[in-house]
Structures are given as C-alpha cells and as structure tokens.
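Enquirer:
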Amino acid sequence: MTSAGVPAAIADERPSGGLFITFEGGDGVGKTTQAALLDTWLSERGRTVLRTREPGGTEVGVLIRDIVLHHRGDIAPRAEALLYAADRAHHIETVVRPALGRGEVVIQDRYLDSSVAYQGEGRQLEPAQIRELSLWAAGGLLPDLTVLLDLDHGAARRRLDADDKPFDRLEAEREDFHDRVRDRFLAIAREEPGRFLVLDASRPPANLAAAVRDRVEVLLAGIPGAQGSVGARG
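The letter at position 227 of the sequence shown is residue 325 when you use the numbering used here, and the numbering goes up by one with no holes.
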C-alpha cells in the first residue's frame, strides 16, 4: 500500500490478503493494551494474527532496542535515527512482509510515524528526511490503518509514574520534547486522514477498543477470505 508523497523509487505494493495495522502515540497512551485487545478479538474471529513491535520485533531488533532505549551514554540524534531505520529494514523484510504474504493480520506497536515524531520532531532533525529514510528502509510499505492514541503529556506521565518502572531514554525526555512529538503525530494524521484513526486516549479502554474494532471490521470486509477460520498466532 502506498500514498501520495512516497518517492517513486521506494513506492511499493505489499502482498494482497493480509492487513497491516499500527498503533502510534506518545509514551503511556495505552498502545500495548489496545493492541492486545484487538489481537484477542481478531483471533476469536478466526484470523491469524501476528503481534509485533518496533524496535525489538526480531532478535536483531532486541539488541537495537536495548541500545536506543537503555544505553546509558549519549547517542547522536542522526545515529539514533539510523539505528531505528536499521531495525525497521530487518523487521519489515523478515517478519512483516512474510506475514502479510501469508494473509495474516499484523498488529504492530510503533512504526515509521514514531520515527518522524520522535527523531524528526523530538530530536529536531528534518521530519521529511526521517520519513524518506524510514520509507526507504521499509521498501515503501505503509499500514492499512494507523491508530493514533492521543493524550496530553501530563496525563501520560501520570500513567507512567503509576507503573513504577524506570523510564527509558525517550520517556525520560523533557516536557517540551514530548509536546513536539505529540504535535507531529497529530500533524501526520491531518496530512493522511485516510490512513489514520485518531482517538482520545483518556477514554475508557473498552470504548477505545470498540472504536478500533469498528474501523478494522470495515477493512476486513474488503479482504477476500477475511472470515476464514485459521489459528491465532501472537
């Protein structure tokens, strides 16, 4: 699937039959919870589901994740962006594309929009260049649906504090960093309204899950064999 603005040299059509859904948003907005709820619902309907994440969706990605999120020293912003791109290139090639080719539903926690928001805007690199880098790494692959869970930084931070876990490198950034990230996510959604479902993450989880299911049902209705009974994979 491609969209306007993707350079012709990296535009790509993914295999038909599968469905690629990503969850985006700042830290603490509830992406993992909503991905799990959608996974359960789809699996109960007989869909084969692959849940994954970036970074860290492969063995190589786990190593990269440890560097970008938990390395105690400084990482130059461009180096950080390239590490995320390396993770993405390997993950899409070895995990996501094969799953889509098998007709599976891929549910992914973070994708290229996070790079544009966090490295492009948060780190104050050029968002357009980060997007182009990410598309190149992914071979032009865009999701069928991106669910953006939007929440102001204060509310998100209170959720993270309640988890009582050490912050990673990005979670520990200052408020102005997270404000830039949020603004960029919303800007991307405005630029690509057909791909995005933007939800107020302060709503109850069950309410959010119902809104996600409604949109996914519409997408499934357009996929041949979407009602077929196959085992779940998560």
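The C-beta atom is built at its ideal place from N, Cα and C for all residues, glycine as well.
Nothing here was measured: the structure is a model prediction, and the numbers come from that model.
Assuming Ile-228 is part of the alpha helix (DSSP H), what are its boundary residues?
Expert: Indexing the sequence shown from 1 puts residue 228 at position 130. Run containing Ile-228: 225-235, per the alpha helix (DSSP H) assignment.
Enquirer: Of the choices Gly-124, Val-194, Gly-237, Gly-128, whose alpha-carbon is the least far from that of Pro-302?
Expert: Residue mapping note: residue 302 aligns to position 204 of the sequence shown, counting from 1. Of the candidates Gly-124, Val-194, Gly-237, Gly-128, the one whose C-alpha sits nearest the C-alpha of Pro-302 is Gly-128.
Enquirer: Hey, could you find the ends of the beta strand (DSSP E) Leu-284 is sitting in?
Expert: Residue numbering aside, residue 284 sits at position 186 when the sequence shown is read from its first letter. Segment 273-289 is the alpha helix (DSSP H) holding Leu-284; no beta strand (DSSP E) there.
Enquirer: Rounded to the nearest angstrom, what separates Arg-143 and Arg-256 at their Cα positions?
Expert: Within the sequence shown, residue 143 is the residue found at index 45, counting from 1. Within the sequence shown, residue 256 is the residue found at index 158, counting from 1. In a straight line, the C-alpha of Arg-143 is about 35 Å away from that of Arg-256.
Enquirer: Per DSSP, what kind of secondary structure is Thr-150 in: helix, strand or coil?
Expert: Within the sequence shown, residue 150 is the residue found at index 52, counting from 1. Of the three classes helix, strand and coil, the one that applies to Thr-150 here is strand, per DSSP.
Enquirer: If Gln-227 sits next to Glu-178, beta carbons under 8 Å apart, how far is it from one beta carbon to the other, in whole angstroms?
Expert: Locating residue 227 in the sequence shown gives position 129, counting from the first residue. Locating residue 178 in the sequence shown gives position 80, counting from the first residue. No, Gln-227 and Glu-178 are not in contact; Cβ-Cβ is about 14 Å, not under 8 Å.
Enquirer: Tell me whether the beta-carbon of Ala-184 lies closer than 8 Å to the beta-carbon of Ser-232.
Expert: As a position in the sequence shown, residue 184 is number 86, starting the count at 1. As a position in the sequence shown, residue 232 is number 134, starting the count at 1. Not a contact, by the Cβ cut-off of 8 Å.
Enquirer: Let me confirm a value: Gly-126 is counted as buried when at least 16 other C-beta atoms fall within 10 Å, else exposed. Which label applies?
Expert: On the sequence shown, position 28 is the one that residue 126 refers to. Classification of Gly-126: buried, given that the 10 Å Cβ count is 16 or more.
Enquirer: Can you list, in chain order, the residues of its chain with a C-beta nearer than 7 Å to that of Thr-244? Leave out the 5 residues immediately preceding and following it.
Expert: On the sequence shown, residue 244 is found 146 positions in, with the first residue counted as 1. Correct list, in chain order: Thr-120, Glu-122, Asp-211, Arg-293, Phe-294.
Enquirer: So who's on the other strand from Gln-222, going by DSSP bridges?
Expert: The residue labelled residue 222 in the question sits at position 124 within the sequence shown. According to DSSP, which records beta bridges pairwise, Gln-222 is partnered with nothing at all.
Enquirer: Counting Cβ pairs, one atom from each stretch, are 3 or more of them under 8 Å apart for the stretch 195-205 and the stretch 155-162?
Expert: no
Enquirer: For Glu-122, which beta-bridge partners are listed by DSSP?
Expert: In the sequence shown, the residue the question calls residue 122 occupies position 24. Bridge partners of Glu-122: Leu-246.
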